[in-house]
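According to my numbering, the sequence shown is numbered sequentially starting from 4.
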Amino acid sequence: MSNAGAAQPVAGLAPYASDPAHSRGRRHPEPEAPTRTAYQRDRDRVIHSTAFRRLVYKTQVFLNHEGDLFRTRLTHSLEVAQLGRSIARSLRLNEDLVEAIALAHDLGHTPFGHAGQDALHACLRRLSPTPDAASEDSGWGFEHNLQSLRVVDELEERYPAFDGLNLSFETREGVLKHCSRANAQRLEAQEPGGVAWRFLHGGAPSLEAQLCNLADEIAYNAHDIDDGVRSGLLTMEQLEDVELFDHYRRRALDAHPRLGGRRLLFEAIRLMLSDQVYDVIDTTRARIAGSGVDSTAAVRAHTVLVAFSDDMRHRTQQLKTFLLRNLYRHPQVMETTSRARKVVNDLFERYLAEPQELPEAHGRRQHQARAVADYIAGMTDRFAIREHERLFGAVLFP
Ligand code: MG
């Protein structure tokens, strides 16, 4: 037995930061670790999970096999963790909690990105068109945030005494970033006053969770520009029409007049990223000071405090609109999206009709539609494609 005792409180945290010494704890009580705080343990559990390793073969925007250099869910999650930690350090928030949430935030994503999620949601809702808070099966559809929570709460099978990873309340709260009312009611019934409470009664999550939401947005806006240009679907000329990006492109050229091509793109993105980080730090610091918030309880009772300035929010929104129109809805992206939908749809119908095609553990679960959805959601892009080829013989992604 170690004699080191419980991990020490984290030094240097702001009074409104999440302190693991005051965590609301785990659903299944466990002794403290001798050398790691609760949130450090949460992060470690996420990194060692099966779902985390699968993120490397899951689509962010571009399908995994379209190129080796595009972001995947894994590299995206690492970028969110990096940005989040860097902002957390300046604001004296809990870096370990930010990292745990950031690395877990996309664990519930289906293969093929949003196309996969939309398809799976439609499959479930066709079976039960109205949400039924009492139903464990198809009624509540598919939401990736909720699925991320299901992964860490139920679906990971790693411990002898319980399902899931048994993470701390604060990490789980951060993972459940959005939640529909029907799903919040269902969760609240299972865990009164728990992670879904704020979706029914209002209030905000911890500052660390708020920060992960914004770091997610900062990360994908920047890396989707990069991947978009790399793929040839976006051009630098088009990006000159985006106020936010063009501002940094000009700044890069002012400092390095002969800069061009890839290095100009990287430099502009780099300047944009660091300005957005400083903007969040300055704005959030001012909002916290103005709010008088001085504890995590006060944070939860207040409206969201981690934010961009109005100007940065406005210009970021323009960039998002640009990416939606020109990248996410690019005909080439939409074309792979429709094939991805077909893969998910076909798999869902087949597994439901022929549960013997499922691995044994999934096939004998009580709620068949949910078991099928969990199985498909857990697949990597390439595994889903292989399964589709095995069951249907058609090659949709040559
Ligand atoms: Mg994300």
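Beta carbons are placed, not taken as given, at the ideal position from N, Cα and C, and that holds for glycine.
Within the same chain, Cβ atoms closer than 8 Å to the Cβ of residue 378 are found at 354, 361, 362, 365, the five residues on either side in sequence being excluded. A Cβ closer than 5 Å to some heavy atom of the ligand MG marks a residue here, and those residues are 109, 219. Residue state for residue 75 is assigned as strand, using DSSP reduced to three classes. Contiguous alpha helix (DSSP H) elements confined to the region 83-114 occur at 98-107, taking only those with 4 or more residues. Here residue 261 carries a coil assignment [DSSP, helix/strand/coil]. Bounds of the alpha helix (DSSP H) holding residue 349 are 334-356. Excluding sequence positions up to five before and after residue 143, its CB lies within less than 7 Å of the CB of 134, 185, 186, 189, all in the same chain and listed in chain order. When secondary structure is reduced to three states using DSSP, residue 306 falls in the coil class, being assigned neither helix nor strand.
Secondary structure note for residue 320: its alpha helix (DSSP H) is the uninterrupted segment 313-326. The DSSP-derived three-state label of residue 383 is coil.
In the three-state scheme derived from DSSP, where H, G and I count as helix and E and B as strand, residue 175 is classed as helix. The beta carbon of residue 248 lies closer than 7 Å to those of 228, 242, 271, 275, 322 in the same chain, with the five residues before and after it left out. Here the alpha carbon of residue 345 sits roughly 17 Å from the alpha carbon of residue 64. Here residue 62 is bridged, per DSSP, to 75. Residue state for residue 29 is assigned as strand, using DSSP reduced to three classes.
DSSP, read as helix, strand or coil, puts residue 220 in helix.
It is roughly 5 Å from the alpha-carbon of residue 61 to the alpha-carbon of residue 384. Taking 7 Å as the cut-off, the beta carbon of residue 263 is found no closer than this to the beta carbon of residue 215. When the five nearest sequence neighbours on each side are left out, the beta carbons in the same chain lying within less than 7 Å of the beta carbon of residue 26 are those of 41, 171, 172, 173, in order along the chain.
The DSSP assignment places complete alpha helix (DSSP H) segments of no fewer than 4 residues inside the region 227-282 at 239-242, 246-258, in order along the chain.
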